[in-house]
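Engineer: Counting along the sequence shown from 1, when you hit position 106 you're at 371 in the working numbering, and nothing is skipped either side.
Glycine included, C-beta positions come from ideal geometry on N, C-alpha and C.
Quick caveat: nothing in here was measured; it's all calculated off a predicted structure.
One structure, as structure tokens, below. Some questions next.
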Amino acid sequence: MTPLHFAQEYVATIKVANLETGAEISVPVRDKGSDQFAARFKKVAKDRRKWARKNDVSCYRIYDADLPDFAVAIDRYDGVWKSEGQSCLIVAEYQAPKTIDQAKAEARFEDAVAIASAVTGIPSGRVFAKTRRREKGGGQYVDQQKEGYLMFTQETGNIFEVDMGSYLDTGIFLDHRVTREMVGEMADGKRFLNLFSYTGTCTVHAAVGGAASTLTVDLSQTYLNWARRNMALNGCDGSEHRFERANVLQWMVRAVKGDERFDLIFVDPPTFSNSKAMGKNTWSVQRDHVKLLSHVVRLLAPGGVAVFSCNLRNFKPDVEALEAQGVKLTDITKKTIPYDFERNPKIHCCYLVERA
Numbered sequence: 266m267t268p269l270h271f272a273q274e275y276v277a278t279i280k281v282a283n284l285e286t287g288a289e290i291s292v293p294v295r296d297k298g299s300d301q302f303a304a305r306f307k308k309v310a311k312d313r314r315k316w317a318r319k320n321d322v323s324c325y326r327i328y329d330a331d332l333p334d335f336a337v338a339i340d341r342y343d344g345v346w347k348s349e350g351q352s353c354l355i356v357a358e359y360q361a362p363k364t365i366d367q368a369k370a371e372a373r374f375e376d377a378v379a380i381a382s383a384v385t386g387i388p389s390g391r392v393f394a395k396t397r398r399r400e401k402g403g404g405q406y407v408d409q410q411k412e413g414y415l416m417f418t419q420e421t422g423n424i425f426e427v428d429m430g431s432y433l434d435t436g437i438f439l440d441h442r443v444t445r446e447m448v449g450e451m452a453d454g455k456r457f458l459n460l461f462s463y464t465g466t467c468t469v470h471a472a473v474g475g476a477a478s479t480l481t482v483d484l485s486q487t488y489l490n491w492a493r494r495n496m497a498l499n500g501c502d503g504s505e506h507r508f509e510r511a512n513v514l515q516w517m518v519r520a521v522k523g524d525e526r527f528d529l530i531f532v533d534p535p536t537f538s539n540s541k542a543m544g545k546n547t548w549s550v551q552r553d554h555v556k557l558l559s560h561v562v563r564l565l566a567p568g569g570v571a572v573f574s575c576n577l578r579n580f581k582p583d584v585e586a587l588e589a590q591g592v593k594l595t596d597i598t599k600k601t602i603p604y605d606f607e608r609n610p611k612i613h614c615c616y617l618v619e620r621a
């Protein structure tokens, strides 16, 4: 874990109970309100653990800024296969507003890291601290930790490679768990296309769900290679499963002119991107979604359907412009929010997309 340095000294020592053993552990803290965080975290961690075991969920959110003074998201990953018996925590800080004293925010963050480790019994070496900070000009985030830590986890029996340290995100978006399971259930016998595929987790669900073929498209070769590994982990490495590196919008313009069509498409674009690989172009899901979805429906075979998701909290589809392009949207957001994200139902938007 990246070393943390703080000016504030410890102000108290609190006792927290380890969920696994029941043993009381003394935790020095830098903020007097940390005992409230400890009580809240223990309560939700116990609830999430019970739910996860009952539903065979191995990676999930425990805490998401439940208390305003402790604005962090805490996710748990339990290992399978080569990582059996290992568990990790991601503690991601939402950058405090400028009105909050920086030293106080940092003290609370370190307290949250220490308390989460003590309550879950996950050692500090497998607790990864990350900070979400907006870059100038858009919605991207950067973090300071670059040392990788690979492990394997599972979702609905599918094995995925995740990296706790190298990136802000681990390789699997936990809030899309239900969406991926839905796609897997829809995929039997279908020709499946995954656009902005990231690490191919949704392609795995489709392939394991019985898709006749899959095509996975992303601009990043790093993520395409990761997607290949995820597919191979689940025995889905035949010639019917293809991968293509391309700018998605440019690729769709070419693909629409071709003959290949798809019965099921998953499209989960970034909120914003100014990646160097895009050249002078930028991407904004609010600005560009009409153009994107007008191409998506033209890639659908008769009777085909697409699942469109985005994480822009205030996203508003331009219904009139979409209808003019022959696009029909059905909002299914509510049914795609997992139990561990119900506290924040605006975590993403999700729609079925069909020809109007």
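Apart from the five residues just before and just after T547, which ones in its own chain have a Cβ nearer than 8 Å to its Cβ?
Structural biologist: As a position in the sequence shown, residue 547 is number 282, starting the count at 1. Correct list, in chain order: G403, F537, S538, N539.
Engineer: Span of the beta strand (DSSP E) holding E426?
Structural biologist: If you number the sequence shown from 1, residue 426 lands on position 161. 423-428 is the extent of the beta strand (DSSP E) around E426.
Engineer: Return the chain-ordered ranges of every beta strand (DSSP E) run that is complete within the stretch 568-597 and spans a minimum of 3 residues.
Structural biologist: Entirely contained in the stretch 568-597, the beta strand (DSSP E) runs reaching 3 residues are, in chain order, 592-596.
Engineer: For L415, count neighbouring C-beta atoms within 10 Å of its own C-beta (all shown protein chains included) and say buried if the count is 16 or more, exposed if not.
Structural biologist: In the sequence shown, residue 415 corresponds to position 150, counting from 1. The residue in question, L415, is exposed, as its Cβ has fewer than 16 Cβ neighbours within 10 Å.
Engineer: Under DSSP, the alpha helix (DSSP H) around Y342 begins and ends at which residues?
Structural biologist: Locating residue 342 in the sequence shown gives position 77, counting from the first residue. Taken as a continuous stretch (DSSP letters only), Y342 belongs to no alpha helix (DSSP H), being part of the beta strand (DSSP E) at 337-343.
Engineer: Please list the segments of the alpha helix (DSSP H) lying wholly inside the stretch 428-456, counting only runs of 4 or more residues, in order along the chain.
Structural biologist: Fully enclosed alpha helix (DSSP H) runs of 4 or longer: 442-451.
Engineer: Determine the direct distance from the alpha carbon of L480 to that of H506, and round the result to whole angstroms.
Structural biologist: As a working note, residue 506 is residue 241 in the sequence shown. As a working note, residue 480 is residue 215 in the sequence shown. C-alpha separation (whole angstroms): 6 Å.
Engineer: Helix, strand or coil: which one does DSSP assign to F527?
Structural biologist: What you label residue 527 is simply residue 262 of the sequence shown in a count that begins at 1. Residue state, collapsed to three classes: strand.
Engineer: Please report the residue range of the beta strand (DSSP E) in which Y616 lies.
Structural biologist: Sequence index remark: in the sequence shown, residue 616 carries index 351 (1-based). That run of the beta strand (DSSP E) goes 614-620.
Engineer: Measure the alpha-carbon distance for C615 versus A361 and round it to whole angstroms.
Structural biologist: For the purposes of this step, residue 615 is taken as the residue at position 350 of the sequence shown. For the purposes of this step, residue 361 is taken as the residue at position 96 of the sequence shown. Distance between the alpha carbons of C615 and A361: 28 Å.
Engineer: Could you check whether N283 and A381 sit closer than 8 Å to each other, using their CB atoms as the reference points?
Structural biologist: In the sequence shown, residue 381 corresponds to position 116, counting from 1. In the sequence shown, residue 283 corresponds to position 18, counting from 1. For A381 and N283, no; Cβs fall outside 8 Å.
Engineer: Which stretch, first to last residue, makes up the beta strand (DSSP E) that contains Q419?
Structural biologist: Mapped onto the sequence shown, residue 419 falls at position 154. Start and end: 415-420.
Engineer: Comparing alpha-carbon positions, which option in D340, S549, V443, S323 lies nearest W346?
Structural biologist: Counting from 1 along the sequence shown, the entry for residue 346 is found at position 81. The residue with the shortest Cα to Cα distance from W346 is S323.
Engineer: Taking 8 Å as the threshold (C-beta atoms), are L484 and I530 in contact?
Structural biologist: Within the sequence shown, residue 530 is the residue found at index 265, counting from 1. Within the sequence shown, residue 484 is the residue found at index 219, counting from 1. No.
Engineer: Among the candidates N320, R578, E450, whose CA atom is the shortest distance from the CA of G475?
Structural biologist: The residue given as residue 475 occupies position 210 in the sequence shown. Of N320, R578, E450, the residue nearest in Cα terms is E450.
Engineer: State the DSSP-derived secondary structure class of E565, mapped to helix, strand or coil.
Structural biologist: Your numbering for residue 565 matches position 300 in the sequence shown. Correcting the residue type first, residue 565 is Leu in the shown sequence and not Glu. Correct three-state label for L565: strand.
Engineer: Between the alpha carbons of F461 and T278, how many angstroms are there, rounded?
Structural biologist: The count along the sequence shown starts at 1 and reaches residue 461 at position 196. The count along the sequence shown starts at 1 and reaches residue 278 at position 13. Computed Cα separation, rounded: 47 Å.
Engineer: Would you please verify whether the beta carbon of P362 is less than 8 Å from any beta carbon of chain C?
Structural biologist: In the structure shown, chain C does not exist; there is a single protein chain.
Engineer: Is the beta carbon of N423 less than 8 Å from the beta carbon of N499?
Structural biologist: In the sequence shown, the residue the question calls residue 423 occupies position 158. In the sequence shown, the residue the question calls residue 499 occupies position 234. Contact flag set, yes.
Engineer: Between Q551 and I290, what straight-line distance do the alpha-carbon atoms span, to the nearest angstrom?
Structural biologist: For the purposes of this step, residue 551 is taken as residue 286 along the sequence shown, with counting starting at 1. For the purposes of this step, residue 290 is taken as residue 25 along the sequence shown, with counting starting at 1. Their Cα atoms are separated by approximately 48 Å.
Engineer: By the DSSP assignment, the alpha helix (DSSP H) with V281 in it spans what residues?
Structural biologist: Locating residue 281 in the sequence shown gives position 16, where the first residue counts as 1. No alpha helix (DSSP H) contains V281, which is instead part of the beta strand (DSSP E) from 277-282.
Engineer: According to the neighbour-count rule (16 or more other Cβ atoms, all chains shown, within 10 Å of its Cβ), is G465 buried or exposed?
Structural biologist: Working through the sequence shown from its first residue, we reach residue 465 at position 200. When all chains shown are included, G465 counts as buried.
Engineer: How close, in whole Å, do the beta carbons of V276 and V294 come, if the pair is a contact with beta carbons under 8 Å?
Structural biologist: Reading the sequence shown from its first residue, position 11 is the one you call residue 276. Reading the sequence shown from its first residue, position 29 is the one you call residue 294. Contact holds; Cβ gap of about 7 Å.
Engineer: Mark K401 as exposed unless 16 or more other C-beta atoms lie within 10 angstroms of its C-beta, in which case mark it buried.
Structural biologist: Along the sequence shown, one-based indexing puts residue 401 at 136. In this prediction, K401 has a pLDDT of 44, which is less than 50 and means its spatial position is unreliable; what the coordinates show is noted afterwards. Exposed, by the Cβ-count rule.
Engineer: Excluding sequence positions up to five away, which residues of its chain have a Cβ less than 6 Å from the Cβ of Y328?
Structural biologist: Here the question's residue 328 lines up with position 63 in the sequence shown. The answer, listed in chain order, is F306, V309, I339.
Engineer: Rounded to whole angstroms, what's the CA-CA distance from D300 to A370? Just pull it up for me.
Structural biologist: The count along the sequence shown starts at 1 and reaches residue 300 at position 35. The count along the sequence shown starts at 1 and reaches residue 370 at position 105. The straight-line gap from Cα to Cα measures roughly 15 Å.
Engineer: With DSSP collapsed to three states, give me the class of L332.
Structural biologist: For this step, residue 332 is matched to residue 67 along the sequence shown. Looking at L332 - three-state DSSP - the assignment turns out to be coil, as it is neither helix nor strand.
Engineer: Measure the C-alpha to C-alpha separation of R442 and L577 and round it to an integer number of angstroms.
Structural biologist: As a first step, residue 442 is located in the sequence shown; it is residue number 177 there, counting from the start. As a first step, residue 577 is located in the sequence shown; it is residue number 312 there, counting from the start. Approximately 17 Å between the Cα atoms of the pair.
Engineer: Give me the DSSP bridge partner(s) of N679.
Structural biologist: Shown here, the chain extends from 266 to 621; a query on residue 679 therefore has no answer.
Engineer: Cutting at 6 Å between CB atoms, please list the residues of its own chain near Y463, excluding the five before and the five after it.
Structural biologist: As a first step, residue 463 is located in the sequence shown; it is residue number 198 there, counting from the start. Only Y488 meet the Cβ criterion.
Engineer: Measure the Cβ-Cβ separation of D428 and F606 and say whether it is below 8 Å.
Structural biologist: The residue labelled residue 428 in the question sits at position 163 within the sequence shown. The residue labelled residue 606 in the question sits at position 341 within the sequence shown. Cβ distance not < 8 Å, so D428 and F606 don't count as in contact.
Engineer: Flag this pair as yes or no: are the beta carbons of V513 and L558 separated by less than 8 Å?
Structural biologist: Counting from one through the sequence shown, the residue named residue 513 turns up at place 248. Counting from one through the sequence shown, the residue named residue 558 turns up at place 293. No, the pair does not count as a contact, with Cβ atoms beyond the cut-off.
Engineer: Please determine, among E375, T601, W516, the residue with the shortest C-alpha to C-alpha distance to E274.
Structural biologist: Indexing the sequence shown from 1 puts residue 274 at position 9. Residue E375 is the option with its Cα nearest to E274.
Engineer: Give the straight-line distance between the Cα atoms of V570 and E509, rounded to the nearest whole angstrom.
Structural biologist: Taking the first residue of the sequence shown as position 1, residue 570 is located at position 305. Taking the first residue of the sequence shown as position 1, residue 509 is located at position 244. Spanning the two alpha carbons is a distance of roughly 21 Å.
Engineer: If I'm right that V337 touches A303 with Cβ under 8 Å, what's the distance once you round it to whole angstroms?
Structural biologist: Along the sequence shown, one-based indexing puts residue 337 at 72. Along the sequence shown, one-based indexing puts residue 303 at 38. Not a contact, Cβ separation roughly 13 Å.
Engineer: Going by the DSSP bridge assignment, what does T622 pair with across the sheet?
Structural biologist: Residue 622 is absent from the model: the chain starts at 266 and stops at 621.
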